[in-house]
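These protein sequences, in sequence, are chains S and Z.
First residue of the first sequence: 1, per my numbering; consecutive thereafter.
First residue of the second sequence: 1, per my numbering; consecutive thereafter.
For glycine and all other residues, C-beta sits at the position ideal for the given N, C-alpha and C.
I have placed the structure first, in the form of structure tokens, so that the comments after it can refer back to it.
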Amino acid sequence: MIEVRGLEFGYGREPVLRGLDFAVRRGEVTVLAGPNGAGKSTVIRLLTRVLVPEAGSVRIDGTPVAQIGRRQLARTLAVVPQGADLPSGFRGHEMVSMGRAPHLRLLEPERPLDAEVVERVMRHTDTWRFRNTPVEALSGGEKQRLLMARALAQEPACLLLDEPTSHLDLRYQIELLRFTRREVERGGAALVVLHDLNLAARIADRILLLHQGRLVSEGPPQDVLTAGIIRTVYGADVDVFTGEFDDAPVVLPRLR
Amino acid sequence: MERSARAARPRGGVRWTPLGVAALALLLVMGLATLIGSVAVPPTKVPSAIWHGLSGELAGPLDIIIWQIRLPRVVLAALVGSALALSGATYQGVFRNPLAEPYLLGVASGAGLGAALALAFGSVVPLLAGAGLPALAFAFALATVAAVMLLAQQGRRFPILSLILAGAVLGSSLTAATSFVMLASREQATGILAWLLGSFALASWNKVVAVLPLVVAAALLTALSGRALNLLQLGDEQAAQLGLAVERYRLLLVVAATLATAAAVSVSGIIGFVGLIVPHAVRLALGPDHRTLVPLSMLLGALFMIAADLVARTLIAPAEVPIGVITALVGGPFFLVLLRRQRGRA
């Protein structure tokens with residue numbers, strides 16, 4: 001689905017990514033984890049061409065992103081941003097309808113199909129009841145779900161979630177990750193940027209652990225989330241247990 | 001509740017009902033403004049005067065008052081009002097700044113200097129007469145908006161107060177330069193005042209014809225970009241991730257708004273605050289969807305300008321108040337209330 005080779009990027013003189021290689025595959029939830037400032041959100045901006053890499057390449061199904069038109073890219077990759085700041089005045093359905101923009105030509109009005117897609121994804125994410133609510137009246141969790149609906153309205157092949165749970169209560173975190181899982185089970189792909197390692201362990205088929213702009217470990221949660229690797233990356237001592245109901249590891253900090 | 005709601009799927013796109021109502025109201029006000037003035041005109045005389053005017057056979061003083069004085073003035077005020085409202089709505093959308101407006105951004109003053117230079121040197125350089133006037137106004141307006149953007153930009157954002165400050169300071173310098181140009185070209189002081197504060201006293205069909213294609217062009221450019229303006233409200237990053245060529249549309253929209261400003265200023269002088277008041281009222285009433293916001297602002301801007309001009313020419317008749325005085329008296333307090341509301345968000 002997505003293939004990244006030798007990605008390098010820096011803001012000003014400060015290098016953020018120094019030669020990053022990874023892949024995002026269909027039918028898998030890939031989690032990008034790592035300490036603050038490791039360059040996780042930068043990766044999403046590079047994948048969606050908001051930023052241009054200094055070196056390396058991003059390919060989607062074999063085509064370099066630089067050669068993919070903006071609208072087509074938005075039909076392939078949909079971002080669920082960290083949704084605290086939305087312009088006020090727009091109503092729920094107007095916000096979600098913006099996800100149809102990449103499917104419409106310049107002067108093409110919204111078609112019945114677009115309205116159907118919008119209603120479907122809003123019902124699916126339980127945001128249909130906010131269709132006439134101004135977005136500024138919604139709580140953080142409700143906004144985040146609305147942004148998930150907008151991303152789904154893009155009908156993308158791959159969802160990109162940027163720290164989707166950082167403002168959310170536990171219930172909403174689970175909900176959002178459940179939507180992601182469902183999209184992947186339908187044959188889509190998902191890349192989720194997360195800093196919560198336990199949540200990552202639960203949702204991920206594969207974890208990419210980013211440290212100082214490089215990939216330090218990659219694989220299923222139980223291979224990546226070991227006390228040794230976490231000590232190297234985070235500089236913290238932890239205990240890692242195996243969960244009761246599945247193999248997902250549980251990471252607990254050691255406070256001694 | 002869920003079941004009853006199924007029927008009421010919200011409709012996207014242009015909302016035609018308010019647009020139709022506003023268009024009818026505009027026609028009504030245009031008619032009224034044609035009848036009111038120092039000489040009262042009976043409504044029955046208007047159709048015949050229009051007919052005589054179009055066929056070039058004006059018969060009698062009423063025909064002349066209607067066809068050569070009232071109608072061009074009303075139509076020009078409508079065009080200028082819609083152009084300024086379009087500019088305001090578009091600048092506010094592009095800069096994500098509720099206080100952006102052609103006058104407050106200094107763009108109107110830039111266009112004013114360009115127009116004043118064309119007026120002053122028109123007799124020396126023939127190229128500057130006629131179509132040269134709006135062209136020079138447009139060039140100066142574009143330079144002004146570019147300068148204001150450069151001065152105010154911080155990264156990818158245009159902070160609300162920086163933009164307005166840069167615009168205000170640049171605008172007052174440009175206004176001073178305009179006064180100087182006009183004094184140096186021995187324009188009478190009253191003429192300068194009328195220019196700097198705006199007036200429709202010299203309206204004519206020639207001016208209508210000069211400004212109409214420019215306003216239509218600007219309106220078409222923004223009409224093409226209604227959805228883009230909505231996406232820009234999300235910020236550059238999200239807009240790009242939803243497939244928008246952000247830089248291209250920002251350029252297109254700034255050019256369109258600036259063209260409308262230059263067109264308005266080159267026939268009526270500098271009239272402030274219309275581009276602030278009207279789009280705000282529309283946004284409060286119907287929300288921020290620019291596919292309705294921009295055209296409705298144009299219709300109501302036209303209506304507002306005709307009404308303001310009516311006040312300007314009847315308040316202390318037979319003398320006229322410059323229309324910019326009227327709009328500033330209304331718009332100033334409006335601006336201050338909005339500014340107060342922005343505190344903590346700038």
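Query	Result
Every unbroken beta strand (DSSP E) inside the stretch 248-324 of chain Z [3 residues or more]	none
Own chain partners of Ser-179/Z with C-beta closer than 8 Å, once the 5 adjacent residues on each side are dropped	Ile-192, Leu-196
Identified DSSP bridge partners for Val-193/S	Leu-32/S, Asp-162/S
Contact with chain S by Gln-238/Z, beta-carbon distance below 8 Å	yes
Nearest neighbour of Ala-153/S, chosen from Glu-163/S, Leu-104/S, Asp-239/S, Arg-214/S [CA to CA]	Leu-104/S
Residue(s) in a DSSP beta bridge with Ser-87/Z	Beta-bridge pairing links Ser-87/Z to no other residue.
Straight-line Cα distance separating His-124/S from Ala-7/Z	Because the pLDDT at Ala-7/Z is just 43, under 50, the model does not fix this residue reliably, and the point stays unresolved.
Contact belief for Ala-312/Z with Glu-320/Z at Cβ below 8 Å, rounded distance in angstroms	6 Å
Nonlocal neighbours in the same chain, by C-beta distance under 6 Å from Gly-112/Z, ignoring five residues either side	Thr-178, Val-265, Ile-270
Counted within 10 angstroms of its Cβ, other Cβ atoms place Val-145/Z as buried (16 or more) or exposed	buried
Cβ-based neighbour list, Gly-187/S, same chain, cut-off 8 Å, excluding 5 preceding and 5 following	Arg-26, Gly-27
Beta-carbon gap between Leu-259/Z and Gly-167/Z smaller than 8 Å	no
For Pro-156/S, the three-state DSSP class (helix, strand or coil)	coil
Integer Cβ distance of Leu-225/S from Leu-32/S, believed to fall under 8 Å	Their Cβ separation, rounded to whole angstroms, is 14 Å, which puts Leu-225/S and Leu-32/S out of contact at 8 Å.
Whole-angstrom C-beta distance between Ala-194/Z and Pro-322/Z, which should lie under 8 Å	6 Å
One or two residues paired with Val-79/S in a DSSP bridge	Leu-160/S
Minimum Cβ-Cβ distance from Phe-90/S to chain Z less than 8 Å	yes
Backbone secondary structure at Thr-63/S - three-state DSSP	strand
Chain S residues whose Cβ lies nearer than 7 Å to that of Asn-97/Z	By Cβ distance, chain S contributes nothing, its closest Cβ being about 12 Å from Asn-97/Z, past 7 Å.
Buried/exposed call for Phe-304/Z, threshold 16 Cβ in 10 Å	buried
The alpha helix (DSSP H) enclosing Glu-241/S, as first and last residue numbers	Per the sequence shown, residue 241/S should be read as Phe rather than Glu. Looking at the DSSP string, Phe-241/S is not in any alpha helix (DSSP H); the run it does join, the beta strand (DSSP E), is 238-242.
Against chain Z: residues of the stretch 69-83 of chain S by CB proximity under 9 Å	Gly-69, Arg-70, Arg-71, Gln-72, Leu-73, Ala-74, Arg-75, Leu-77, Ala-78, Val-79, Pro-81
As assigned by DSSP and simplified to three states, the class of Tyr-11/S	strand
C-alpha distance - Ala-256/Z paired with Leu-62/Z, whole-angstrom precision	39 Å
Buried or exposed by the 16-neighbour rule on C-beta atoms within 10 Å, applied to Gly-155/Z	exposed
Assigned secondary structure, Ser-48/Z (DSSP; H/G/I helix, E/B strand, else coil)	helix
Members of the stretch 92-114 of chain S near chain Z, C-beta cut-off 8 Å	His-93, Glu-94, Ser-97, Met-98, Gly-99, Ala-101, Pro-102, Leu-104, Leu-106, Leu-107, Pro-109, Glu-110, Asp-114
Inter-residue spacing [alpha-carbon to alpha-carbon] between Leu-253/Z and Pro-102/Z	13 Å
Cβ-Cβ distance between Val-50/S and Gln-241/Z below 8 Å	yes
CB contact below 8 Å: Ala-245/Z versus chain A	Annotation note: the requested chain A is absent from the structure, which comprises protein chains S and Z.
Beta-carbon proximity check, Ile-68/S vs Met-1/S, cutoff 8 Å	no
Gly-219/S - containing alpha helix (DSSP H), residue span	Counting along the chain, Gly-219/S falls outside any alpha helix (DSSP H), though it belongs to the beta strand (DSSP E) covering 214-219.
Sub-8 Å separation of Pro-87/S and Pro-288/Z beta-carbons	yes
Segment contact, 8 Å Cβ cut-off, at least three pairs: the stretch 218-235 of chain Z with the stretch 28-42 of chain Z	no
Helix, strand or coil at Gln-153/Z according to DSSP, with G and I counted as helix	coil
Proximity test, Cβ basis, 8 Å: Thr-232/S and chain Z	no
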